[in-house]
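*Asks:* Take a look at this one; I'll ask things after.
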Amino acid sequence: MILNKTLAAWCADYPLIADLIALKETSWFNPAIAPAREALADVGLTAADVADASARLQRFAPYLARVFPATAASGGIIESDIQAIPQMRAALAERYGVAIDGALWLKKDSHLPISGSIKARGGIYEVLQHAETLALAAGWLRLDDDYSKLDSDAARAFFGAHQIAVGSTGNLGLSIGIMSAQLGFQASVHMSADARQWKKDKLRAHGVRVVEYASDYSVAVAEGRKQALADPSCHFVDDESSTSLFLGYAVAAERLQRQLAAQAIAVDAEHPLFVYLPCGVGGGPGGVAFGLKLIFGDAVHCIFAEPTHSPCMLLGVYTGRHDEVSVQDFGIDNVTAADGLAVGRASGFVGKAMQRLLDGYYTISDEEMYSLLALLERSEGVRLEPSALAGMPGCARVLAEAQGYRERMGLTAARLERATHLVWATGGSMVPEAEMAAYLARGAALLGN
Ligand SMILES: *Cc1c(COP(=O)(O)O)cnc(C)c1O
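Just so we're aligned, residue -11 is where the sequence shown starts under the working numbering, counting upward by one.
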């Protein structure tokens, strides 16, 4: 029984559940999508909140430029490039047997400085916000100060009396740990069993306490939360419900808007923008999608991608039971090579906040992520980690779907010809060379040539 209902009854009410259990690649286009001006009110956060986060990141920019030289060129702003990937577009069209008329772009959060993944947005932002709150309250920082004064022994000693803790499959821990340690905080990262050794090693090299668990992400988060709550000097970064993380991610949208404008890429009803976002617990893609809907409204179409072994957001939104259900409840194992996506229970906050704003959800097998990883390296010379490929089949899923989604949304052939498809590449630049070689070899073997 799952929530007092038999599995057979669940499958009768929600036919796609059988496909999810069978680990079949599945797409589901959201029939409850509503106009952005209406549905944005569900979120409980506003454009002013995102502007506040953006201004905070601006205040910290002089500090970041100073302590992380990789951000100096951008003046301490942590941002990634967009890149057109026309050869990959051709490769995808051939692989999936669909004509892809619009342009295909990659958003390279894989190459974000400091931690090499999308977590360099939300994770770092929440640490900075917490640091600012403490320093302002203690009276030795003012909003109009030059924040590079935080790079001092006095500041590090101050933050050293405070702790920051987080539960993570790896990348969030990396971002929170590195940023916290740099400011002087005592940082603890509670890592699930699937976290890579190199991420644990890197954190320990930064002086971060790494606590390892033999179980999955939910347990690491629950344990971390429990230990943190017992200590009032400890701030727990709650990946399952943090609005701070969410807003840190949302700032990506205004940056993307400028990047698209610089490429003369129009986004409006006649020129739709499709954004494909790999989803774990949901905060990263949810925050980015929220920011995008605030700016582009109904002209942007956000679609979440999950591993076939961890379809927690699809399951939660599709059944309307959100964080009341986990993939394990349905016998799905939550075992995937996609770092950051091995999450069995989605964020209830994000699922509910965004349920009328997202166009759809789909799953992708680990084998397909590896194949696309090799295909992208061959066609464009870009190297990503497996999870970052989850968004890659998205355009083909949209263009080949037969659920009536395109008609319902007014996505005519003429509009689709003028569309821009953007794949959010969420990680990969810090993967050690030997591991990347193994990923590429695995993908090449699957491609069979
Ligand atoms: C964390 C992560 C995601 C998804 O972010 P969530 O906030 O967990 O949904 C996607 N890709 C990578 C590489 C990640 O590390």
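Every residue gets a Cβ at the ideal spot worked out from N, C-alpha and C, and that includes glycine.
Here the structure is a predicted model, which means the values were calculated and not measured.
With distances taken Cα to Cα, identify the nearest neighbour of Leu435 among Arg396, Leu387, Met357 and Val370.
*Replies:* Comparing Cα positions, the closest option is Met357.
*Asks:* Short of 7 angstroms in beta carbon distance, which residues of its chain neighbour Phe292, apart from the five on each side in sequence? Order them along the chain.
*Replies:* Taken in chain order, the residues that qualify are Leu265, Cys267, Pro273, Met301, Leu346 and Tyr349.
*Asks:* Tell me the DSSP secondary structure of Pro266 in three-state form.
*Replies:* Note: Pro266 maps to strand in three-state DSSP.
*Asks:* Leaving out the 5 sequence neighbours to the left and right, which residues in its chain are closer than 6 angstroms to Ser367 when beta-carbon positions are compared?
*Replies:* The answer, listed in chain order, is Gln75, Met76 and Ala79.
*Asks:* Do Gly304 and Arg109 have their C-beta atoms within less than 9 angstroms of each other?
*Replies:* No; because the gap between Cβ atoms is not below 9 angstroms, this pair is not in contact.
*Asks:* Just mark Asp97 as buried or exposed, buried being the case when its beta carbon has 16 or more other beta carbons within 10 Å.
*Replies:* Buried.
*Asks:* DSSP state of Thr475, grouped into three classes?
*Replies:* Since the first residue of the chain shown is -11 and the last is 437, residue 475 is not available in this structure.
*Asks:* Which residues have their C-beta within less than 5 angstroms of a heavy atom of ligand 1, listed in chain order?
*Replies:* That gives Ser105, Asn159, Pro266, Cys267, Gly268, Val269, Gly270, Gly271, Gly272, Gly328, Ser375, Thr414 and Gly415.
*Asks:* Where do the N-terminal and C-terminal ends of the alpha helix (DSSP H) with Leu217 fall, by residue?
*Replies:* Where Leu217 is concerned, the enclosing alpha helix (DSSP H) stretches over Tyr205 to Leu217.
*Asks:* Please classify Met167 as buried or exposed, where buried requires at least 16 neighbouring CB atoms within 10 angstroms.
*Replies:* It counts as buried.
*Asks:* According to DSSP, which residues form a beta bridge with Trp93?
*Replies:* Answer by DSSP bridge pairing, in chain order: Ala72 and Leu410.
*Asks:* When the distance is taken between beta carbons, is Ala376 closer than 9 angstroms to Thr408?
*Replies:* Going by C-beta atoms, Thr408 is not nearer than 9 angstroms to Ala376.
*Asks:* Can you find the residues in the same chain that come closer than 6 angstroms, C-beta to C-beta, to Ala123, ignoring five residues on each side of it along the sequence?
*Replies:* Excluding sequence neighbours, Ala123 sits near Leu129.
*Asks:* Could you compute how far the alpha carbon of Gly416 sits from the alpha carbon of Gln71?
*Replies:* Distance between the alpha carbons of Gly416 and Gln71: 15 angstroms.
*Asks:* I need the straight-line Cα distance from His194 to Val86, nearest angstrom please.
*Replies:* So the alpha carbons of these two residues sit roughly 47 angstroms apart.
*Asks:* If you follow the alpha helix (DSSP H) that Thr438 is part of, which residue opens it and which one closes it?
*Replies:* For residue 438 there is no data in the structure shown, the boundaries of the chain being -11 and 437.
*Asks:* Please name the residue in Pro295, Ala402, Ile152 and Gln151 whose C-alpha comes closest to that of Met380.
*Replies:* When only C-alpha atoms are compared, the closest one is Pro295.
*Asks:* Report yes or no: do the stretch 382 to 389 and the stretch 251 to 265 share at least 3 C-beta pairs separated by less than 8 angstroms?
*Replies:* Cβ pair count under 8 angstroms is three or more, so yes.
*Asks:* Determine the extent of the beta strand (DSSP E) in which His223 is found, giving its start and end residues.
*Replies:* Cys222 to Val225 is the span of the beta strand (DSSP E), which, as asked, contains His223.
*Asks:* In chain order, what residues of the same chain have a beta carbon less than 7 angstroms from the beta carbon of Ala432, not counting five sequence neighbours either side?
*Replies:* Cβ neighbours of Ala432 beyond the five flanking positions: Ala362.
*Asks:* I think Ala240 touches Gly279, with their Cβ atoms under 8 angstroms apart; what is that distance to the nearest whole Å?
*Replies:* That belief holds up - the Cβ atoms of Ala240 and Gly279 are roughly 6 angstroms apart, short of 8 angstroms.
*Asks:* Between the stretch 226 to 236 and the stretch 177 to 191, do at least 3 Cβ pairs fall closer than 8 angstroms?
*Replies:* Contact between the stretch 226 to 236 and the stretch 177 to 191 is absent, because fewer than three Cβ pairs lie under 8 angstroms.
*Asks:* Between Ala29, Ala6 and Ala252, which lies nearest to Gly285 when the distance is taken from Cα to Cα?
*Replies:* Answer by Cα proximity: Ala29.
*Asks:* Which value, in whole angstroms, describes the spacing of the CA atoms of Lys95 and Ala41?
*Replies:* In a straight line, the C-alpha of Lys95 is about 21 angstroms away from that of Ala41.
*Asks:* DSSP three-state call for Asp317: helix, strand or coil?
*Replies:* DSSP places Asp317 in helix when its eight states are reduced to three.
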